[in-house]
Amino acid sequence: MEVPVTLFIDGEALVVDKPAGLDVDTPKRGGFSLVSMLGALRFGFKREPSAVHRLDRDTSGCLLLARHPKAHARFAKAFEDGLVEKVYLGILDGVPEQREGTIELSLAKQSSKERGWRMIAAKAGKTAVTHWRVVAEEHGKALVEFRPETGRTHQLRAHALYGIGIPLMGDPVYGTGEQTLLHASAIRLQRDGKDPVEAHAPLPKIFLSHGFSDPQPALHPVPDTPKAAPADEADARS
Numbered sequence: 014m015e016v017p018v019t020l021f022i023d024g025e026a027l028v029v030d031k032p033a034g035l036d037v038d039t040p041k042r043g044g045f046s047l048v049s050m051l052g053a054l055r056f057g058f059k060r061e062p063s064a065v066h067r068l069d070r071d072t073s074g075c076l077l078l079a080r081h082p083k084a085h086a087r088f089a090k091a092f093e094d095g096l097v098e099k100v101y102l103g104i105l106d107g108v109p110e111q112r113e114g115t116i117e118l119s120l121a122k123q124s125s126k127e128r129g130w131r132m133i134a135a136k137a138g139k140t141a142v143t144h145w146r147v148v149a150e151e152h153g154k155a156l157v158e159f160r161p162e163t164g165r166t167h168q169l170r171a172h173a174l175y176g177i178g179i180p181l182m183g184d185p186v187y188g189t190g191e192q193t194l195l196h197a198s199a200i201r202l203q204r205d206g207k208d209p210v211e212a213h214a215p216l217p218k219i220f221l222s223h224g225f226s227d228p229q230p231a232l233h234p235v236p237d238t239p240k241a242a243p244a245d246e247a248d249a250r251s
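To convert, note that position 172 of the sequence shown is 185 in my numbering; the numbers rise steadily by one, no gaps.
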């Protein structure tokens, strides 16, 4: 198992590059997870850091951890208020006709005995907004940049299928395959009186193997007022 690489660190924040295949929390089936590594991520602190948000097991990239409870509370509030900028990169299992757009599709959880659970587009679901644009094309696949305003469970995976009309490559729930090709490329969190928490995670080797290079997305300070309904980060897995 790959070890998370530290991308940013100061007295209250830590951003690591989580490898694909690593759960953030200990899975119900048991086994290794980021939680198992927290002791090694203290970096001189007596207290272990805590994850402020979540990434799916398959999703690699920027994961923000707080180094003490007060910082965790402030960071969590910033996520709830939509004041954290996040940039994701994903490979679509095809090339869309449009080059960019904004997806506004509410999402709700659906469960069945045969297929397990997934998120579906539903008017009665939670508001979900994603901005996207095609960055590059290779061999009939498209590398897409996603900038979510909200943080719903499986938001980008579901929006790729229901909003763009093409699932993410390898997605076992919304497409076909065993590993969803989705990467949390960058994160930026503004702080009062301090430099922002800002980090960029290089594109993983599996993306490079499909012919894509790292586009190095630009981060911009987010507005004081969120554009959409607050993200439910306690529920958020992209």
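Built from N, CA and C at the ideal position, the CB exists for glycine as well.
Between the C-alpha atoms of residue i and residue j, what's the straight-line distance to the nearest angstrom?
| i | j | result |
| --- | --- | --- |
| Leu120 | Glu150 | 28 Å |
| Ala242 | Leu221 | With a pLDDT of only 48 at Ala242, under the threshold of 50, the placement of this residue in the model should not be trusted, and no figure is reported. |
| Leu51 | Thr143 | 31 Å |
| Trp130 | Gly206 | 43 Å |
| Leu174 | Pro217 | 23 Å |
| Val16 | Lys31 | 8 Å |
| Ile22 | Gln111 | 39 Å |
| Gly43 | Glu113 | 40 Å |
| Ala86 | Phe58 | 18 Å |
| Val186 | His167 | 10 Å |
| Leu47 | Ser63 | 10 Å |
| Leu169 | Gly107 | 16 Å |
| Phe56 | Val210 | 17 Å |
In the DSSP assignment, what residue or residues form a beta bridge with residue i?
| i | result |
| --- | --- |
| Lys218 | The partner list for Lys218 (beta bridge, DSSP) is empty, contrary to what the question assumes. |
| Asp30 | Val18, Cys75 |
| Arg131 | Gln123 |
| Thr115 | His144 |
| His213 | Ala199 |
| Leu105 | Ala155, Leu181 |
| Asp6 | In the structure as shown, the chain starts at 14 and stops at 251, and residue 6 therefore has no counterpart that could be examined. |
Taking C-beta to C-beta, are residue i and residue j nearer than 7 Å?
| i | j | result |
| --- | --- | --- |
| Leu105 | Val28 | no |
| Phe45 | His66 | no |
| Ile97 | Pro230 | For the record, residue 97 in the displayed sequence is Val; it is not Ile. In this structure, Pro230 does not lie closer than 7 Å to Val97 by Cβ. |
| Leu20 | Ala212 | yes |
| Ser198 | Leu102 | yes |
| Arg60 | Glu25 | no |
| Pro109 | Ile179 | yes |
| Ala155 | Val147 | yes |
| Leu232 | Thr72 | no |
| Ile219 | Cys75 | no |
Pick helix, strand or coil for residue i, following the three-state DSSP scheme.
| i | result |
| --- | --- |
| Glu246 | Only weak support is given to the placement of Glu246: the predicted model assigns it a pLDDT of 45, under 50, and the question is left unresolved by the model. |
| Tyr187 | coil |
| Arg60 | coil |
| Arg160 | strand |
| Lys92 | It should be noted that the sequence gives Phe, not Lys, for residue 92. Helix, per DSSP. |
| Leu195 | strand |
| Ala155 | strand |
| Ile179 | coil |
| Arg204 | strand |
| Ala149 | strand |
| Ala231 | coil |
| Ala137 | coil |
| Ser49 | helix |
| Leu68 | coil |
| Lys99 | strand |
| Glu25 | coil |
Heavy atom of the ligand GTP less than 6 Å from the Cβ of residue i, yes or no?
| i | result |
| --- | --- |
| Phe58 | Ligands displayed in this structure: none; no statement on the ligand GTP is therefore possible. |
Between the Cα of residue i and those of the options, spot the shortest distance and give me the residue it belongs to.
| i | options | result |
| --- | --- | --- |
| Pro161 | Thr115, Arg128, Lys122, Ser124 | Thr115 |
| Lys41 | Arg70, Lys59, Pro32 | Arg70 |
| Ser226 | Val48, Cys75, Glu158, Asp36 | Glu158 |
| Arg165 | Gly153, Leu181, Ile177, Lys122 | Lys122 |
| Leu202 | Gly176, Ala89, Val37 | Ala89 |
| Ala135 | Glu127, Leu232, Trp145, Glu117 | Glu117 |
| Ile133 | Thr189, Ala171, Glu127 | Ala171 |
| His8 | Val210, Met182, Gly34, Gln192 | The requested residue 8 is not part of the displayed model; the chain covers only 14 to 251. |
| Asp94 | Thr39, Val18, Gly190, Thr163 | Thr163 |
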